[in-house]
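Scroll down for the structure; my scribbles are underneath it.
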Amino acid sequence: MILFSALFKRIATLIHKHPKYLFLFPWFGVIFWYAMLISMLAYWGGEGRPIWHWMYGYDISPKNYKKNYGSVGLVYISDIGTTRMQGVFIAFSLCQGIIYTSTVFVWYVINYTDKNDYLSSQEMPVDDIENSSDEALEENKPEVHRKKFFKFTEHERNLIYASIFFAFIGSAGIFFCSIFNTRDFHHAHLSMVGLFLAGLAISIILTSTSFILTGKDVYIKEHNVTEHSVGYKFWTKDYYTKMFANVWLDSGIVKLIWVIFAIVFAICFGAIDKNDISAVFEWLVAFWYGLIFVIWSFDMFVHRKLNYQNTV
1 MILFSALFKR IATLIHKHPK YLFLFPWFGV IFWYAMLISM LAYWGGEGRP IWHWMYGYDI
61 SPKNYKKNYG SVGLVYISDI GTTRMQGVFI AFSLCQGIIY TSTVFVWYVI NYTDKNDYLS
121 SQEMPVDDIE NSSDEALEEN KPEVHRKKFF KFTEHERNLI YASIFFAFIG SAGIFFCSIF
181 NTRDFHHAHL SMVGLFLAGL AISIILTSTS FILTGKDVYI KEHNVTEHSV GYKFWTKDYY
241 TKMFANVWLD SGIVKLIWVI FAIVFAICFG AIDKNDISAV FEWLVAFWYG LIFVIWSFDM
301 FVHRKLNYQN TV
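In full-length UniProt numbering, the protein residues as written are 1 to 312.
This is how it looks when you write it as structure tokens:
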């Protein structure tokens, strides 16, 4: 436990020292994920868009399959990942999974922990010094970087803790999905696909809920209203103008919209019996997934100044 605490402190210190460019970190996930998808498609196309026996069972030959059903429009990612591309599938799935889980963790550290617990006044980011008043500099130099902090609630922090856990579960799911290929471990493979989709969806829903709760608290604080008045004025234009000027609320709603579309695509992928049409939705889910890294990057960019004012 002591070792874990010391490791967390070192990581948190490093993160708080360099908050300005953290929005670039999720883009590594975009690069790894899309590079994997595009390379797998390129490999399948370069091989002449073949169909393999594990796609339709062992009781029919590829020649008879084409004769009876015609050429396959698109194959599953998992089918390509069973070929010599499995190494790429495993490596890139692992990399993007680490990046995604780390992104949620970094977000927690930079927004939900107090940088003053990890940095001395000399180590504070330059932006903090530039934003500090001359009076504050002269009055109390060690405390110059202490801002008017916003206090997150216990529920909001717990939602982020749970989000990190399910992000890890989802990332582990896609990693083991790539290891247990659909040809040799079909049932285990499908289970890992489900774990990936469920873990990711739950993680995003939890994060969105936390953001929306924080947005509501910020709205109440900034506009000096009661919790009841927030609900009673929901039909007014002024209410929505103020609410959607709140970046926390915006972040939560965007993520919820993303996860709703992801769930719809995933249901179509699992419910459609025709393989090549089902495969279209699998690829759609995959490419849609890459956008969550972009959303996280945008969040970090918008909030890079706000983290100076946030603490537990």
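In this text, a Cβ means the ideal position worked out from N, Cα and C, and glycines have one as well.
All figures in this text were calculated on a predicted structure; none of them were measured in a lab.
- In this chain, Gly81 is not harboured by any alpha helix (DSSP H), its DSSP state being neither H nor E.
- Counting every other CB atom within 10 Å of its CB across the protein chains shown gives Thr182 a total of 16 or more, marking it as buried.
- The beta-carbon distance between Trp296 and Thr103, rounded to whole angstroms, is 5 Å. This is short enough to meet the 8 Å contact definition.
- About 5 Å separates the beta carbons of Trp248 and Phe211, which is inside the 8 Å limit, making them a contact pair.
- For Asp299, the enclosing alpha helix (DSSP H) has its first and last residue at Asn275 to Val302.
- About 17 Å separates the beta carbons of Ile90 and Trp44, which is beyond the 8 Å limit, so they are not a contact pair.
- Restricting attention to Ile272, Leu284, Ala198 and Phe105, the CA atom closest to the CA of Ile15 is found in Phe105.
- Closest in alpha carbon position to Ile99, among Ala162, Val302 and Phe23, is Phe23.
- Nearest to Trp54 by C-alpha distance, out of Thr83, Thr207, Val280 and Glu154, is Thr83.
- Under the three-state reduction of DSSP, Phe25 is assigned to coil, being neither helix nor strand.
- If you look at Gly173, you'll find it in the alpha helix (DSSP H) that goes Glu154 to Ile179.
- Between the beta-carbon of Phe293 and that of Gly97 there is about 12 Å, and that puts the pair past the 8 Å contact cut.
- The residues Ser278, in chain order, have a CB closer than 6 Å to that of Ile272 in the same chain once the five nearest residues on each side in sequence are set aside.
- When only Cα atoms are considered, Leu213 and Val280 end up about 36 Å apart.
- Cβ-Cβ separation between Ser251 and Phe175: approximately 27 Å, too far for a contact (criterion under 8 Å).
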